[in-house]
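This report refers to the structure that appears directly beneath it.
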C-alpha cells in the first residue's frame, strides 16, 4: 500500500468519522414536533379556507406535471379523506406515534396532492414535500415520542451528526438558491418587481409612506439578495447565530406582511431553528420531560443510534443522489435559450420566490380545418380564475390547455381541430406583448423537456405588435 | 462578532444604496405627492356609485308607475309609454352592472336582473299557471330585464298584437300580473342594494371608502376585478356570442341582449361607457375626478414607450367609436354586416388585454385569494 493510498484511506476515515460523530437527538426531535405541528395547522387552515373544494373538487380540468398525467383527484369524498389523512398523519408525526408509517404516509399523500395541479405550485409546498421525504430517513421518533412510551427500547439519546446535517444542508440550499435567483438585472438594478408591489401597500400604518419611496424598493431588493446569500453562513456560525435568527424573523415577518404567501414565512421561521445547538433544543424540550420521565427511567443513559453499515451505505447513496439533484435542478434553466423569466423553462423547483410580476390574457381559437371556420374559447367555462391566471403566463400550461381543448372539440364534432392561442403577457410592468406564436397549431405540439420554439422571444424595447 | 455582522449588513446596504443611486439618473423627481387611494374611492363611491344607484332607483320607480298605468288601462298609448320607460330603466341598469361587489354581490344583482336570453317557454308556462317564485333558481331566465323585454316587445308582431295579449287573450290578467311581479322584483332588489349603500341605511359607502388596501377583498381589488368581469360579460355574451364567435362563425342573433326591443348595441355601448367612467373616475354628472387613470399615471406605469393610463384611455375611445358604429338591432347587424361588429369586437379585445393584464399588474392588485409566492 502506497503512502498516498494510506493517506486517502485515512482521509476518508476521517470524514466518515466526522459524519458519525454522535450528537444529541434533541434538534431532530424538535424538528419532528415543529414540522408536525405546523403541518397540522396548515392542513386545517387549507380545509377551513375552502381550498379543498376550490382547488381539488370544483375544477373541470387539472394541469398535471409532465410525466405525472396519471395523477388525478379523487372526487369530493376522496379529496376530503385525503386531507383528513394528512391532518391525522401530521398530528401523529408531531406526537411521534407510529412515526415511520405516519411520516411516509404524509409524504406520499402530500406529494400526491401537489402533483394533481401545477397551477397550485408553491415553493413551500415543494419544501414540505422534500422535508417530509428526508424525515422518512431519520429516527426522529426515538425520543420524546409516544413510540418510545409504547416501546421503551426505541429510546436513544444520540444520533450521528450527519442526520442533523442533512436538514441544515437543505436549508442552506434553499437560502442560497433563493439568493442566487435574485442576482438578475431587474431585481438589482431596477428594483423590480418590488418597485411595483411595495407602493401598493402605501396605506399601511407607520411605514406606509416609506413604501412609496423608490429607494425603499431598492433597499428591500438588495437586502433580500444579501440576506438570502449570507444568512445560512451566519446561522451556521455559533457566534452569529442568535443575531442572525433575529434577522430571519424580521425578514420573514416582513414578507408575510407585504405578500400573500401563506404559511411560507412561518415554516421558514420554525425550520431555521434546526441551526441552533443541541443544548438549546434540549432545554426547550425539557418542558416535555415531565410527561415522558415516568416512562423512561433510562433517560440519562447514553445510547447511540446506529444502523447496520449495509443500510448506511444505501442511505448514503440515496442522500448523495438526492443532494446532487438539489444542487443541479435549479440550474437546468441554463440549458434553455431566451429570456428566462419570459419563457419560464426550468423555473419551478428552484427556490424562486416573489421574483417577478407577470400577468397575461390568453384567447384560444379552435379552427375546423375542413371549413376554415373558427371559434373563440371562453376560458372560464373550463378553468377557475386561479388556473386561468396561472395558465396565461406559463407556456407548458398553455399547451396543456390547448390539448384539453383539442379533445373537447373533437367530442363536439370537429375531426382534427387546429388550436391557436393569441396571448399577451406583461413582465415586470413592461407593456403586454404577444407571448406565444399565434400561428402555431398547439394541437400538434408535444410537451417535452426540449425548448419550446413557439414561445416568442421577449424583446426588451420593441413595443407589442398589436 | 455580533457587532461585526451588524456592521457587515450596514456597510453592505449603505454601499449598495450609494452604488444604486449613483447609477440611477437623477430624473426621478423628489418629493412626489402621494396618491390618495382613499380619495379615489371617495370620489368613485360618492360621485358615481351612489348617484347611479339613485338614478336607477328613480328609473325603476317610473317603470313601475308605467306598469301600473298600463295594467289599469291597457291601451296603445300606455304600452308605448311603458316600452319607453323600460328602455330607460334598462339603460340605467347597464351603468350599474359593474358594481357587482358588496351589497350587489350579496343580492346577485347581475344574475338576478339580467340573465339572458329569456326562457320564453317557461315564462309562458309561469303565466298560464300563475304560480311561480322568482327566488327559485329555475326561474333565473324568467325574470328581470330580459323577461320584461320579451313581455313588452316579443309577445306579438306589432304593438296591436302585443296589446291583445294583455287585453283579449285568455291569460291577459295573468300576464298583467306577471309584468307587475317582475317590476316589483327588480325594484325590490335594487332598493335593497341602494339602501345598503346609503349612509342613512347600511352605510356600505363607509366600508367601501375605508377598505383602501390592495388585497383581494379591498375596494380597489374588487373594483378592478369587477371592471374586468363586467367587461368580459359584455364582450362575450353581448357581442361575441350573437356574432358567432363561439359557434364557428354562425351568428346567433336570438342570443343578443334585449333581442326583442332591439336596443342591444345601445345597451352594450352604455355599459362600455360606464366602465370607462369608473376608469376615469368620472362622476354621474360627468365631472372627471380621481380614478384608476390618475392612479396609473401617478405610478408612471409604462406602455409602449408611453403611459399605460394614456394607452387605456385611447383604447377606450377607439372601442367606443367602433361600437358606436354598430347599428341596432344587433340581431340583424350580425347577419347583414358582421364585419362592422367584428371590428368593434377586435377593439374590445385589445382593451380587455390592457384592463385584464397590464392594469392589475401595474397596480399590484391580486385577483385570487389563494396563497401566491410569485408569478
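Protein chains in written order, with the numbering used here: chain G, 1 to 466; chain Z, 1001 to 1375. Virtual Cβ for every residue (Gly too), placed ideally from N, Cα, C.
By how many angstroms is the C-alpha of residue j removed from the C-alpha of residue i?
i               : j               : result
residue 1234(Z) : residue 1258(Z) : 13 Å
residue 1038(Z) : residue 210(G)  : 17 Å
residue 409(G)  : residue 318(G)  : 46 Å
residue 150(G)  : residue 356(G)  : 50 Å
residue 119(G)  : residue 383(G)  : 11 Å
residue 90(G)   : residue 219(G)  : 39 Å
residue 264(G)  : residue 1296(Z) : 31 Å
residue 1216(Z) : residue 1365(Z) : 7 Å
residue 114(G)  : residue 261(G)  : 16 Å
residue 222(G)  : residue 252(G)  : 15 Å
residue 1262(Z) : residue 1082(Z) : 16 Å
residue 13(G)   : residue 278(G)  : 25 Å
residue 1099(Z) : residue 348(G)  : 38 Å
residue 389(G)  : residue 360(G)  : 7 Å
residue 378(G)  : residue 364(G)  : 8 Å
residue 1241(Z) : residue 1232(Z) : 12 Å
residue 421(G)  : residue 402(G)  : 8 Å
residue 56(G)   : residue 330(G)  : 28 Å
residue 1117(Z) : residue 381(G)  : 18 Å
residue 1052(Z) : residue 368(G)  : 45 Å
Please state the DSSP three-state secondary structure of residue i.
i               : result
residue 362(G)  : strand
residue 1354(Z) : helix
residue 413(G)  : coil
residue 1037(Z) : helix
residue 1347(Z) : helix
residue 72(G)   : coil
residue 1303(Z) : strand
residue 97(G)   : coil
residue 1199(Z) : coil
residue 1275(Z) : helix
residue 1140(Z) : coil
residue 267(G)  : helix
residue 1327(Z) : coil
residue 1074(Z) : coil
residue 52(G)   : helix
residue 1259(Z) : coil
residue 1101(Z) : coil
residue 350(G)  : coil
residue 141(G)  : coil
residue 511(G)  : Outside the displayed range of chain G (1 to 466) lies residue 511(G), so it cannot be described from this structure.
Kindly give me the distance between the Cβ atoms of residue i and residue j, rounded to whole angstroms, as I take these residues to be in contact under 8 Å.
i               : j               : result
residue 143(G)  : residue 156(G)  : 6 Å
residue 1311(Z) : residue 1354(Z) : 6 Å
residue 1096(Z) : residue 1056(Z) : 5 Å
residue 127(G)  : residue 174(G)  : 7 Å
residue 1185(Z) : residue 1175(Z) : Rounded, the Cβ-Cβ distance is 16 Å, inconsistent with contact.
residue 1179(Z) : residue 1145(Z) : Not confirmed; about 13 Å, so no contact.
Taking the DSSP output, what are the residues bridged to residue i?
i               : result
residue 27(G)   : Per DSSP, none; premise fails for residue 27(G).
residue 367(G)  : 374(G), 418(G)
residue 425(G)  : 360(G), 433(G)
residue 1288(Z) : 1282(Z)
residue 395(G)  : Answer is none; residue 395(G) lacks a bridge partner.
residue 304(G)  : 158(G)
residue 455(G)  : 436(G)
residue 22(G)   : 160(G)
Would you list, in chain order, the members of the segment 1326-1359 of chain Z that have their beta-carbon closer than 8 Å to a beta-carbon of chain G?
1349, 1350, 1352, 1353, 1354, 1356, 1357, 1358
Please list, in chain order, the residues of the segment 1183-1215 of chain Z that have any C-beta partner in chain G closer than 9 Å.
1212, 1213, 1214, 1215
Listed in chain order, which residues of the segment 1135-1154 of chain Z have Cβ atoms closer than 9 Å to some Cβ of chain G?
Hits within the stretch: zero.
Residues within the segment 146-169 of chain G neighbouring chain Z, beta-carbon criterion of under 7 Å
none
Identify each residue in the segment 1217-1251 of chain Z for which the Cβ-Cβ distance to at least one residue of chain G is less than 7 Å, and report them in chain order.
Listed by position, the residues of the segment 1217-1251 of chain Z near chain G (Cβ gap below 7 Å) are 1236, 1240, 1245, 1246, 1247, 1248, 1249.
Output, in sequence order along the chain, the residues in the segment 381-406 of chain G whose CB is closer than 7 Å to any CB in chain Z.
385, 386, 389, 393
Short of 8 Å Cβ to Cβ, which residues in the segment 333-364 of chain G face chain Z?
352, 353, 354, 355, 356, 357, 358, 359, 360, 361, 363
Output needed in chain order: residues of the segment 420-452 of chain G with a Cβ under 8 Å from some Cβ in chain Z.
Result list: 424, 425, 426, 429, 430, 431, 432.
What residues in the segment 171-204 of chain G have a beta carbon less than 9 Å from any beta carbon of chain Z?
188, 189, 191, 193, 196, 197, 198, 199, 200, 201, 202, 203, 204
If the cut-off is 7 Å on Cβ atoms, which residues from the segment 1292-1305 of chain Z count as contacting chain G, listed in chain order?
1299, 1301, 1302, 1303, 1304, 1305
Closer than 9 Å, Cβ to any Cβ of chain G: which residues of the segment 1033-1046 of chain Z, in chain order?
1034, 1035, 1037, 1038
Scan the segment 247-270 of chain G for residues whose Cβ lies nearer than 9 Å to a Cβ of chain Z and list them as they occur along the chain.
247, 259, 260, 261, 262, 263, 264
Where the segment 109-132 of chain G meets chain Z: residues whose CB sits under 8 Å from a CB there:
120, 122, 123, 124
Interface positions of the segment 203-222 of chain G facing chain Z (Cβ-Cβ less than 7 Å), listed along the chain
203, 209, 212, 214, 215, 218, 219, 222
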